[in-house]
Every structure is written in structure tokens, then in C-alpha cells.
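Trainee: Just so we're aligned, residue 1 is where the sequence shown starts under the working numbering, counting upward by one. Okay, handing you the structure first.
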Amino acid sequence: MEKEEIYKNINDIEIRQGIMRGIKSYVIRNNVLDDNQKKSVEAYFPDYAVTFKDEFITPGSLFSDPNKPVIIEIGFGMGTSTEIIARERKDYNYLCLEVYLQGFVRLLKAVGEEKMDNIKLMRFNAVDVLEHMIPDSSIDGFHIFFPDPWPKKKHHKRRLIQKDFVNLLSRKLKKGGYIYLVTDWEEYAEWMLDILSQESLIENAYDAYAEPRSWRPRTKFEQKGLDKAYKINELWFVKK
Numbered sequence: 001m002e003k004e005e006i007y008k009n010i011n012d013i014e015i016r017q018g019i020m021r022g023i024k025s026y027v028i029r030n031n032v033l034d035d036n037q038k039k040s041v042e043a044y045f046p047d048y049a050v051t052f053k054d055e056f057i058t059p060g061s062l063f064s065d066p067n068k069p070v071i072i073e074i075g076f077g078m079g080t081s082t083e084i085i086a087r088e089r090k091d092y093n094y095l096c097l098e099v100y101l102q103g104f105v106r107l108l109k110a111v112g113e114e115k116m117d118n119i120k121l122m123r124f125n126a127v128d129v130l131e132h133m134i135p136d137s138s139i140d141g142f143h144i145f146f147p148d149p150w151p152k153k154k155h156h157k158r159r160l161i162q163k164d165f166v167n168l169l170s171r172k173l174k175k176g177g178y179i180y181l182v183t184d185w186e187e188y189a190e191w192m193l194d195i196l197s198q199e200s201l202i203e204n205a206y207d208a209y210a211e212p213r214s215w216r217p218r219t220k221f222e223q224k225g226l227d228k229a230y231k232i233n234e235l236w237f238v239k240k
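The structure is reproduced here in C-alpha cells:
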């Protein structure tokens with residue numbers, strides 16, 4: 001893949017803004033790369049990144065072992081916990097979506113340097129990827145950790161977790177597949193619990209909030225919330 005094509009693909013989300021429609025719960029910031037970051041992109045993008053195409057794919061075919069269950073992580077931030085989870089849970093493949101360029105490049109560099117064959121990255125809006133590339137009943141799980149709570153009431157419409165989006169996730173799941181959500185914003189946890197509980201395709205594996213998964217590491221971001229006495233709430237819903 002030539003440099004020009006790499007940068008066209010990595011910036012595709014910005015080119016397409018206003019063209020693709022759907023939930024947009026993010027703001028693109030700081031899209032300038034230094035020379036070292038550019039070297040990482042040029043070295044590892046062709047092997048570890050997936051570009052957006054308006055056609056359905058077989059998710060497992062993206063990976064060296066197509067028979068492993070496929071988990072999609074939406075909004076991995078800097079990718080610290082993503083990297084740890086994928087390294088320790090090697091029996092799963094991870095398709096990881098993030099629009100924040102600095103986080104995308106950091107994880108791309110880590111994955112490339114370690115030659116992790118169970119992670120692929122995409123820099124694109126998750127709704128568009130799910131609607132246009134991922135077939136129904138093809139995904140084994142979704143991870144969404146600490147999505148932006150958009151705390152002001154006037155911004156609640158920007159929240160990622162909405163009825164239509166939860167229905168979209170649910171349709172993409174295989175039977176028995178899961179949606180795993182984590183937040184440190186209590187009001188958003190109540191919001192998410194209410195919306196997921198209304199979706200007929202999935203059911204709560206717990207009475208309300210889930211027990212923490214031992215394999216999900218605590219990040220610096222999470223620790224900052226705990227230091228402020230924020231409560232961490234987790235949800236685990238399963239496809240019927």
C-alpha cells in the first residue's frame with residue numbers, strides 16, 4: 001500500500017463527515033501526526049488496519065485465525081486495556097474502532113511491534129461500519145468501555161447508547177453473544193440499563209449491574225474516577 005493511499009484511508013472518516021449518516025457521538029480533535037507517528041502508520045497500517053468499504057464482510061476473515069470468536073470494541077481511546085485484553089485472551093479476535101487519531105496510532109504501533117495477529121483496527125464511525133460492513137448474527141461480543149456520558153441534558157442526544165444503536169448491536173450478535181458496557185457516570189449507567197432492558201433481542205445476565213470481569217484491566221482513566229469516588233457500573237447483556 002502506497003503512502004498516499006494509507007493517509008487517504010486513515011483520514012477517510014474526516015473526508016466522509018456529512019456524507020454518511022447515523023449516530024455521531026464524538027468530536028474529532030488533534031489529527032496532526034509527528035514524524036515518529038507517521039513512521040508507525042506507514043509501517044503497520046497495511047497489515048493491521050482495516051479500511052471502510054460499503055460491502056458486507058465475513059469478520060473472521062480479517063484475521064490469521066478466522067475460527068476464533070470475533071469481538072468488536074467501540075471507542076478504545078488510547079487502547080491500553082484493549083492491548084492487555086487481546087494479549088491475555090488470545091482465543092478471541094478483536095476488531096477495534098476508534099476515531100481519535102492519537103489513540104488509533106498508539107495502539108497501531110503497539111500491535112505492529114508485538115505482531116499481535118488477533119487485533120485489527122479501524123478509524124471510522126462505528127454505526128457506519130456496523131450498518132454497511134458487518135452482517136447480522138456474525139459477532140460474538142461488543143466491548144464499550146467508558147463512552148462519553150455527555151452529561152448535560154441538552155447533549156443527551158449525542159450519547160452513543162440509544163435505542164436504535166442498541167438494536168443495531170443486538171442484530172449483529174450471534175445467539176449467546178454479549179454486550180459489555182462500563183461507565184463511571186452513574187446517571188449514564190441508569191440510562192444504559194434502561195435502554196438495554198427495553199431491547200427484546202437481548203436479556204440482562206444479572207438482576208441489574210454485572211460483576212466486574214477479572215480480565216478487564218483498570219486503566220489510569222478509570223483510576224482517576226475512582227480517586228474522585230466515582231462508582232464503576234458494568235452491564236452484561238446476552239443475545240437470546
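Idealized CB from N, CA, C, for every residue including glycine.
Kindly identify the DSSP beta-bridge partner or partners of Lys-239.
Mentor: Ile-202
Trainee: Closest to Tyr-188 by CA distance: which of Phe-45, Leu-160, Ile-179, Leu-168 is it?
Mentor: Leu-160
Trainee: Given this structure, state the Cα-to-Cα distance separating Ala-205 from Tyr-92, to the nearest angstrom.
Mentor: 21 Å
Trainee: Using beta-carbon positions only, say whether Glu-186 and Asn-233 come within less than 8 Å of one another.
Mentor: yes
Trainee: According to DSSP, is Gly-79 part of a helix, a strand, or is it coil?
Mentor: coil
Trainee: Start and end of the beta strand (DSSP E) containing Lys-174?
Mentor: 173-183
Trainee: Taking the straight line between their C-alpha atoms, what separation do you get for Leu-107 and Ala-86?
Mentor: 12 Å
Trainee: In whole angstroms, what separates the C-alpha of Ala-126 from that of Ala-229?
Mentor: Distance between the alpha carbons of Ala-126 and Ala-229 is about 31 Å.
Trainee: Grouping DSSP H, G and I as helix and E and B as strand, with all else coil, what is Tyr-92?
Mentor: coil
Trainee: How far does the alpha helix (DSSP H) with His-132 in it extend, from its first residue to its last?
Mentor: 126-132
Trainee: Reducing DSSP to helix, strand and coil, say where Asp-136 ends up.
Mentor: Reduced to three states, the DSSP call for Asp-136 is coil.
Trainee: Assign Asp-128 to buried or exposed, taking buried as 16 or more other Cβ atoms, counted over all protein chains shown, within 10 Å of its Cβ.
Mentor: buried
Trainee: What is the DSSP secondary structure of Met-192, counted as helix, strand or coil?
Mentor: helix
Trainee: To the nearest angstrom, how far is it from the Cα of Asp-207 to the Cα of Gln-37?
Mentor: 45 Å
Trainee: What does the Cβ neighbour count give for Asp-140, buried or exposed, with the cut at 16 atoms within 10 Å?
Mentor: Per the 10 Å Cβ criterion, buried.
Trainee: So which of Asp-54, Tyr-94, Ile-10, Ser-81 has the shortest CA-CA distance to Asn-67?
Mentor: Tyr-94
Trainee: Taking the alpha carbon of Lys-163 as the point to measure from, which residue in Tyr-180, His-143, Met-192, Gly-176 has its own alpha carbon closest?
Mentor: Met-192
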